[in-house]
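In what follows, a structure is listed as structure tokens, so that the remarks can point back to it.
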């Protein structure tokens, strides 16, 4: 936590210069960490319509994520964060953004506690992108599960590894893409990352362990598409209030079912057909059960690709409505 994140005196002059030079019809702010609450009040002070999008918990948490330094999720607001929240609320009150957009119902609901935000909040989901090309049809066989994201405790990686081992699904595999503090734990459960793209076999130079876990290391760009083509089901086991994981949009646009934790915006963003695969966050036994459920009848939880809950056209329409409601002409 830096003092400049509580009050940054440079932000006011920088924003004023930019607004005066550009003369915008509306200011739309997103992540303002490091700029302090000044970034959320200066447009109002200058009588410029202002829309702000909530992507995280910066207004409520000095770490923006409601996750502790050791990587575990917070269950209550600590004294320091409560104090910071009170300071920011006093700073913003009176010159608050005209419209506040939440990328999920979950993240918006948490911010309802802020007096200045009440009545200004609405939901606007992130747009779902079309994949570059249709996903190849998967062969019927033992399921391949996938995880993509940071390898950290609050992401539920440890719970996933335990649950996958306990599920004991014959012939199944778990592809784990990402980096982070739990990399060694993933490596010990399977093969060390090779830097190669996922394929039908283990990464080059290593074979999957007996329980089918394959550590892929960083997956991005073209290798991300190869990852999606290789899995039958994505697992999102978050143990924090994840506002709106983009990987859920990516999976839904490709018709990949998701086993998701009942945390944050995850339940809102998965296909209704996969809702039976939701499980209580941090519950390894329940996750094992969902893995077995999918393996027994994958077609029951698989929906066609869809640009839902919102495509780009719908997202842009929501943005324009927010701008008009904020006062833009």
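In our numbering, the protein residues as written are -7 to 321. Every residue, glycine too, gets a C-beta built ideally from N, C-alpha and C.
The three-state reading of DSSP puts residue 73 in helix, counting H, G and I together. DSSP places residue 29 in the coil class of the three-state scheme, outside both helix and strand. Burial state of residue 206 is buried, judged by a 10 Å Cβ sphere holding 16 or more other Cβ atoms.
Under the three-state reduction of DSSP, residue 106 is assigned to coil, being neither helix nor strand. When the beta-carbon positions are compared, residue 204 and residue 152 stay at least 8 Å from each other. For the region 84 to 166, the continuous beta strand (DSSP E) assignments of 3+ residues that do not extend past its boundaries occur at 91 to 94, 113 to 115, 136 to 140, in sequence order. Just measuring C-alpha positions, the residue of 272, 72, 74, 159 sitting nearest residue 288 is 159. In the DSSP assignment, residue 222 falls within the unbroken alpha helix (DSSP H) covering 214 to 222. Following the DSSP letters along the chain, one finds residue 20 inside the beta strand (DSSP E) bounded by residues 19 to 21. In this chain, residue 307 is not harboured by any beta strand (DSSP E); it is covered by the alpha helix (DSSP H) spanning 304 to 318.
DSSP assignment within the region 259 to 294 yields the following whole alpha helix (DSSP H) runs of 4 residues or more, N-terminal first: 276 to 288.
For residue 54, the closest of 246, 74, 94, 275 by C-alpha to C-alpha distance is 74. The secondary-structure analysis by DSSP pairs residue 225 across a beta bridge with 137. Among the bridge pairs identified by DSSP, residue 252 is matched with 228.
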